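*Asks:* For the record, the sequence lines run as chains X and L. Using our numbering, you'd call the opening residue of the first sequence number 136 and step up by one each time. Using our numbering, you'd call the opening residue of the second sequence number 609 and step up by one each time. Just so you know, even glycine gets a beta-carbon here, dropped at the ideal spot from N, CA and C. Everything numeric in this text was worked out from a predicted model, so none of it was measured.
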Amino acid sequence: MNASRDIAQDGSAPFKARAVPARRSLGWLNSSKGLGIVLLMPALMLVVLFFLAPVVLTAVFAFTNMSTATGITGGAYQVSPGTLRVLSDRYGMGELAERLGQPTYIVDEEGLAALEEMGIEPGIIAGLRDDHLGETYSSRREFEREIRDLPDRPSTRTVKQISAEFSRSLANARFRNAGALVAAAEAIDPDLGDAEKDALLDATYTGWTWTTDNFRRLASSPQTTRVLLNTVFFVALTLTLFNTGFAMLLAITTHYIPERPAGIFRIIWFLPRISPAVIYVLLWKWLAWDTGFISAFLDNFGVRPRNWMLGSATNAWVFVILINGFVGASMGMVIFASAIKAIPQSLFHAASVDGAYRWQQVRHIILPHLKWPILFVTCYQTLSLLTAIDHILLSTDGGPGGATEVWSLWVYHTALNNYAGNLQYGYGAAMALVLVIIGVVLSLIYLRLFNYNALIIKPRIEH
Amino acid sequence: MTKHLLRTTAAAVVLAASAGAASAESVTISVWAGGSGPNDNYRVDAIEMAADILEREAAIRGEELDITVEKKTDNTWDDFKQAVTLAAEAGNAPHILVTGHEDIAPWAQSGLIVPVEDYLNLDAWPINDIYENLMEISSYGGIVYGLPQDAESRPFFFWKEHMKAIGYSDADLDALADKVEAGEYTLANVLEDAKKMTEAGVVESGYAFYPRPSNGPDYWQFYTSFGGVMEEDGKLVFDKDAMQRFYQFFVDAVEAGVTRKNHIGTPWDQWYAEVASGKAGLWSGGTWHYARYVNQEGLEDFFGSLAFSLIPAGEGGTANTLTHPLVYVLTAQDNEDEVAIAAELVKIASEPRINTLHAIKSAHLGIAKQQSNIDLYASDRWAREATERLLPHANAMPNNTDFGTYWNAMWSGLEAAWTGQKTPEQAVADVEAELKNSLGEAIVIR
Chain X
136 MNASRDIAQD
146 GSAPFKARAV
156 PARRSLGWLN
166 SSKGLGIVLL
176 MPALMLVVLF
186 FLAPVVLTAV
196 FAFTNMSTAT
206 GITGGAYQVS
216 PGTLRVLSDR
226 YGMGELAERL
236 GQPTYIVDEE
246 GLAALEEMGI
256 EPGIIAGLRD
266 DHLGETYSSR
276 REFEREIRDL
286 PDRPSTRTVK
296 QISAEFSRSL
306 ANARFRNAGA
316 LVAAAEAIDP
326 DLGDAEKDAL
336 LDATYTGWTW
346 TTDNFRRLAS
356 SPQTTRVLLN
366 TVFFVALTLT
376 LFNTGFAMLL
386 AITTHYIPER
396 PAGIFRIIWF
406 LPRISPAVIY
416 VLLWKWLAWD
426 TGFISAFLDN
436 FGVRPRNWML
446 GSATNAWVFV
456 ILINGFVGAS
466 MGMVIFASAI
476 KAIPQSLFHA
486 ASVDGAYRWQ
496 QVRHIILPHL
506 KWPILFVTCY
516 QTLSLLTAID
526 HILLSTDGGP
536 GGATEVWSLW
546 VYHTALNNYA
556 GNLQYGYGAA
566 MALVLVIIGV
576 VLSLIYLRLF
586 NYNALIIKPR
596 IEH
Chain L
609 MTKHLLRTTA
619 AAVVLAASAG
629 AASAESVTIS
639 VWAGGSGPND
649 NYRVDAIEMA
659 ADILEREAAI
669 RGEELDITVE
679 KKTDNTWDDF
689 KQAVTLAAEA
699 GNAPHILVTG
709 HEDIAPWAQS
719 GLIVPVEDYL
729 NLDAWPINDI
739 YENLMEISSY
749 GGIVYGLPQD
759 AESRPFFFWK
769 EHMKAIGYSD
779 ADLDALADKV
789 EAGEYTLANV
799 LEDAKKMTEA
809 GVVESGYAFY
819 PRPSNGPDYW
829 QFYTSFGGVM
839 EEDGKLVFDK
849 DAMQRFYQFF
859 VDAVEAGVTR
869 KNHIGTPWDQ
879 WYAEVASGKA
889 GLWSGGTWHY
899 ARYVNQEGLE
909 DFFGSLAFSL
919 IPAGEGGTAN
929 TLTHPLVYVL
939 TAQDNEDEVA
949 IAAELVKIAS
959 EPRINTLHAI
969 KSAHLGIAKQ
979 QSNIDLYASD
989 RWAREATERL
999 LPHANAMPNN
1009 TDFGTYWNAM
1019 WSGLEAAWTG
1029 QKTPEQAVAD
1039 VEAELKNSLG
1049 EAIVIR
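1. Does L/Ala624 have its Cβ less than 8 Å from a Cβ in chain X?
2. With a Cβ-Cβ cutoff of 8 Å, do L/His966 and L/Asp758 count as a contact?
3. If we ignore side chains and look at the alpha-carbon of each, how far apart do L/Gln978 and L/Ser958 end up?
4. For L/Val1052, which three-state DSSP category applies?
5. Roughly how many whole angstroms lie between the Cα atoms of L/Ser907 and L/Val677?
6. Taking three-plus beta-carbon pairs below 8 Å as touching, is the stretch 1032 to 1044 of chain L in contact with the stretch 351 to 364 of chain X?
7. Between X/Pro508 and X/Val469, what straight-line distance do the alpha-carbon atoms span, to the nearest angstrom?
8. Quick check for students: name the residue ranges of the beta strand (DSSP E) that lie wholly in the stretch 776 to 830 of chain L, counting only runs of 3 or more.
9. X/Thr203 versus chain L: which residues are under 8 Å apart at the beta carbon?
10. Quick one: measure Cβ to Cβ for X/Ala448 and L/Gln1029, integer angstroms, because I've assumed they're closer than 8 Å.
11. Under a CB-based cut-off of 8 Å, is L/Gly886 close to chain X?
12. By alpha-carbon positions, which one of X/Phe405, X/Phe428, X/Thr341 ends up nearest to L/Gln717?
13. Quick one: which chain X residues come within Cβ less than 9 Å of L/Trp733?
14. Among X/Ile323, X/Arg292, X/Arg225, X/Glu270, which residue has its Cα nearest to the Cα of X/Ala334?
15. Quick one: Cα of X/Ile478 to Cα of X/Val569, how far?
16. Which chain X residues are close to L/Ile751, counting only those with a beta carbon under 7 Å from its beta carbon?
17. Would you kindly check if the distance between the Cβ of L/Ala864 and the Cβ of L/Tyr815 is under 8 Å?
18. Would you report the Cα separation of L/Ile751 and L/Ala1024, rounded to the nearest angstrom?
19. Could one say the Cβ of L/Glu996 lies closer than 8 Å to chain X's Cβ atoms, at least one of them?
20. Can you tell me whether X/Glu244 is buried or exposed? The criterion is at least 16 other CB atoms within 10 Å of its CB, across all chains shown.
21. Determine the contact status of L/Phe858 and L/Leu1022, defining contact as a CB-CB distance below 8 Å.
22. Going by Cα to Cα distance, which pick from L/Ile1053, L/Leu728, L/Gly642 is closest to L/Ala950?
23. Where does L/Leu890 fall in DSSP's three states?
24. Would you call the stretch 170 to 177 of chain X in contact with the stretch 298 to 308 of chain X, where contact means no fewer than 3 C-beta pairs closer than 8 Å?
25. Measure the CB-CB distance between X/Val294 and X/Leu268 and report whether it falls below 8 Å.
26. Please report the straight-line C-alpha distance between X/Val362 and X/Phe185, rounded to a whole angstrom.
27. Pull up the distance between the alpha-carbon of L/Asn943 and that of L/Ala1037, whole angstroms please.
28. What first and last residue would you give for the alpha helix (DSSP H) that runs through L/Asp758?
29. List the residues of chain X whose Cβ lies closer than 9 Å to the Cβ of L/Ile872, in chain order.
30. Consult DSSP for X/Gln213 and reduce its assignment to one of helix, strand or coil.
31. Expressed to the nearest angstrom, what Euclidean distance is found between the alpha-carbon atoms of X/Arg583 and X/Val367?
32. With DSSP as the reference, label L/Val837 as helix, strand or coil.
33. Shorter than 8 Å from the beta carbon of X/Gln496 to some beta carbon of chain L?
34. Looking at the C-beta of L/Phe1011, does it have a partner C-beta in chain A at a distance below 8 Å?
35. For L/Val677, which beta-bridge partners are listed by DSSP?
36. Expressed to the nearest angstrom, what Euclidean distance is found between the alpha-carbon atoms of L/Asn649 and X/Tyr562?
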C-alpha cells in the first residue's frame, strides 16, 4: 500500500530521478554474488543449524570428561565416602576428611530452635529437649530411631525433617554450588584454609571439567590403531569395489542395453537403498545364520551349519562390505548413468564409424566425460562411508572380537553404549572430532586431486 | 542442613500440608524396567498393585488420591540404559527405574537418582525384612539409594543325559553340586568332560560347553573362579594373572572344539532353544532361566534333565556365583510430591507377597526373609534349592562409577581372545594398557 502511494506521489518527478535511488538500494541483487547470498540463505541456515552447530558442540564436548556420571548440564558438590578418600589419598588431607565427613547428629538448642521455626509440634520438640539434649549420634538411622521412639511419634516425613536439622557434618550432603559447600564447611570448621577449601571443592565436584585427556587417551590406546586400520580398510574396499567400481559397471552395462530392461535393472539395484536398514540387514542375517539359507543349502552337501557372518574376521568383512556396497552402488549407478546419457550421441556414432570397440568407447569417451561425477561420488561416498554405522551395527556390531569395529561404530559404542550405565560422552566426542578432521582433510585432498577449479566454469555474464 | 535435604524437607512439608487439606490429587507415575522379558511383567505390575493399595490407604484417611501408572519394559539392557540416560538429560526421566544395582554409582553421582532413604523409614515393614546384604548392594557410599527388586544367582548347568553318556551315574550327578562347592570338580574337569562329550558324539562339536552368547555379568564369575577380585576397599582391582587364566580357559575351550569360535553373537532365542533341548552339554546360566526353559521352551522335566551347581573353581580361585539384584530407584524430579509417592509405591511393591509373584513367575530369588513363609515361594522347588545351594556363595559386582569402563575393557579383551584376534597374553596386555590409560589411579593393577 505504502509503496504504491509513494510511486503515485513520485509520479510527477522525472523518470531518471526516480530510477536512480531504486538502483542504488537493490543494485547488489543484480550481481550474481549478491543474489547468490539471498538464494543461499535458507540453505546456509540449515548448514549452520544441522552441520556446523553439531560440529562445534562435538569440538566443545571433546575437551571435557563428560559422562553419564558427570551429567551434561553441570555438576554439584557431593561429599561421599569416595570423595573423602580422594581428599585423603590425593591431597593428604585425611584429617580434614575425617572432620567434615564423619556423619554427626547433635541435638542442640540451635537445631531445636530451627524446629520451632518450622512449626514442628511442640510435644516432639519438648521430647527431644528432655530426653536427648546434648547427645551425639554417628549414624542417621540410629538418630532417626530415637526420634521415632519419642512419646509423640512423628510421621516418617517429619522424622526426615528433624534429622536434617541436627546434621552437623557434610557426610553424604549434596550442594548445588561451591558457595553453599564452602559456607557449610565453614560452619563446621571456621578455620578452613584456602588450600583446604580448594581441595574440598575439587574432590567433591561431580560435574565435568575441561581436559585434553581424551586425546592423550586416544593417542595411547592400543585400540586406536586397530580401529583406524579397520576403517581405512572398510572405506577403501567398499569405495573402490562397490560405490564407484561396481556402480560404474552397472551404469555402463545398462547404457548398452535397451532402455526398458536397463530401467528394470537399475530399479532392482536400487532396492537395497530404499528398503529400511533393519529389514535389509535382517534379510542378510537370515541368509547367513546357523539356521539360515546358506547353512540350510550347504547342509545338503555335507557342510556343517555355522554362522557364516560371524564365523571369522574374513567372513564378517565380506558381509559388511557386501551389505554396505550394495547400498552404496545404487547412488553411483544413477549418477554415472545420467552423466553417460548427457554425453552427445554423435561421439558414440563417430566412434562406431571409426570402428572403436565398446571397451575403446568406454575408455576414450565415457570415462573422460565422467571425471566430475567420479570426483563427486568418491568424495561424497568417502565421507558417507566414514560415518556409516547403521548397517554394521545391525549386522556384526563390530564383531567377531572387534574385527569389524570401525571408527564411527567405536564412537557409538563409547558415547552411547555402556553395560554399567555410564556413557562416555566426552571421550566419544573426541573420537568423533577426529573423524570430522579426517573428513575435512580428505575433502580438501580430493578437491586438489581432481582440480576442482578447472571443473568450474566461471559465469560469462557478470558486471 | 544441606540443600538437598532442605529441598526434600520443604517438599515433605508441602505434601503433609496438602494431605491435610483432603484435596483430590491425581498423579501419573511412570516406571521403566530394563532387561525384562515375558516372565518379568511383575517388575512393573507390582507398582500398579502398590498404587491400588496406596489409593485405598489414602481413601481410608479421607483423601482422594488417583494414581495412574505408566509402565514400560525393555527387553535389552543397552537400549534401556541409553534411553534412561538420554531421557534424564532431557529432563524426562520416568519416576521409577528397575535397573541393575551397578548403575547406582554413576547415576547417583550425576544426581539422576535420589536416595530412597530420604523418603522411607528403613526400619519399618517391609524394608526391615529385606536381606541385609541386598540392602547393602542397593547402597552407594553408605546411603541407601534403591530397594532390591529381585535377587538371583547364576548356576552352572549340566545336561544329565549327556553326562550319563560319558560315564556319570545318577549318584555321581547328585553329588556333583557338593563336589563343585568343595573345589573337587573344577573348570579343568569341565573342559575334560566337554571333550569327552564331543568325542563320544553326544553333542555336536562346539556345543559341549555353551555359555551365555553375549556380554553380561556372568563372565565376572569366571574371573572370580580363577582368583580374580573386582574391588577391594572401594578401589577396582585388575588381577592380570587371573584375567589371563580366565581368557585362556575360553581359548582352550575353542581350541578343544568344545566351544564355537563364533559363539558370541548367537541370537538369544536360538541359544535358549538349544540349551533347553539338549543340544548343549554344559553351560552357565541364571536362576531365571528355569522360567524360560519351562514356560517358553517346553522343557517338561527340568530336574530330571538338568543338574546345577556353582560355577566351578579354576586355578587359584574358588567355586562361586554372582548375584545381580535389580533395584527400584527413584529419579530426581522437579515435583517432589511425585517422588514421595513413587517412594511409597516401591516400598509397597517390596511386600513379600507381591514380590513373591515376581520371584516365582520369573524364577528369580526372593528379597525378604518372610518370603519363605509364603506358600507360593516355599513350595517352589527351584526357588528353594537355588536359594540354598547358590545364594550363600554369591558375590556381587561393585557399585563403582568406573566399573563400566573396566567391564567394557574386560569384555573386549575376552572377545578378542575368544575369537582368536589376540592371544590371551596380548589381550591382557592391551586391557592393562587401556585401563592404565582410562582409569589411572582409580584401579589397582597387579
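*Replies:* So, from the listed chains and residues:
1. Low local confidence applies: a pLDDT of 48 at L/Ala624 is under 50, so the model's placement there is unreliable, and no value is given.
2. In this structure, L/Asp758 lies closer than 8 Å to L/His966 by Cβ.
3. Spanning the two alpha carbons is a distance of roughly 11 Å.
4. Residue state, collapsed to three classes: strand.
5. The displayed chain sequence assigns Leu, not Ser, to residue 907 of chain L. Across the structure, L/Leu907 and L/Val677 are spaced so that their CA atoms are roughly 35 Å apart.
6. Of all C-beta pairs linking the stretch 1032 to 1044 of chain L to the stretch 351 to 364 of chain X, three or more are shorter than 8 Å, placing the two stretches in contact.
7. Distance between the alpha carbons of X/Pro508 and X/Val469 is about 10 Å.
8. Segments of the beta strand (DSSP E) lying fully in the stretch 776 to 830 of chain L: there are none.
9. Close to X/Thr203, with beta-carbon spacing below 8 Å, are these residues of chain L in chain order: Thr693, Pro714, Trp715, Ser718, Leu720.
10. X/Ala448 to L/Gln1029, Cβ: 7 Å. Contact.
11. No, no contact with chain X.
12. Residue X/Thr341 is the option with its Cα nearest to L/Gln717.
13. Under the 9 Å cutoff, chain X gives no residues; its nearest Cβ is about 12 Å from L/Trp733.
14. It is X/Arg225 whose Cα lies nearest to the Cα of X/Ala334.
15. Roughly 40 Å between the two C-alpha positions.
16. The answer, in chain order, is Asn307.
17. No, the pair does not count as a contact, with Cβ atoms beyond the cut-off.
18. Answer to the nearest angstrom: the Cα atoms are 38 Å apart.
19. No, no contact with chain X.
20. So X/Glu244 ends up on the exposed side.
21. Yes, the Cβ-Cβ distance between L/Phe858 and L/Leu1022 is below 8 Å.
22. Cα-wise, what sits closest to L/Ala950 is L/Leu728.
23. Strand at L/Leu890.
24. Taking 8 Å as the limit for Cβ pairs, the verdict is that the stretch 298 to 308 of chain X does not touch the stretch 170 to 177 of chain X.
25. When the beta-carbon positions are compared, X/Val294 and X/Leu268 stay at least 8 Å from each other.
26. Taken atom to atom, the span from the alpha-carbon of X/Val362 to that of X/Phe185 is near 27 Å.
27. Here the alpha carbon of L/Asn943 sits roughly 49 Å from the alpha carbon of L/Ala1037.
28. Not the alpha helix (DSSP H): L/Asp758 falls in the beta strand (DSSP E), residues 754 to 758.
29. Leu445, Gly534, Pro535, Gly536, listed in chain order.
30. X/Gln213 carries a strand assignment under DSSP once its states are collapsed to helix, strand and coil.
31. Each residue's alpha carbon lies about 20 Å from the other.
32. Correct three-state label for L/Val837: coil.
33. Under the 8 Å criterion on CB atoms, X/Gln496 is classed as non-interfacial with respect to chain L.
34. Among the protein chains in the structure shown, which are X and L, there is no chain A.
35. DSSP output for L/Val677 lists L/Ile637 as bridge partner(s).
36. Distance between the alpha carbons of L/Asn649 and X/Tyr562: 36 Å.
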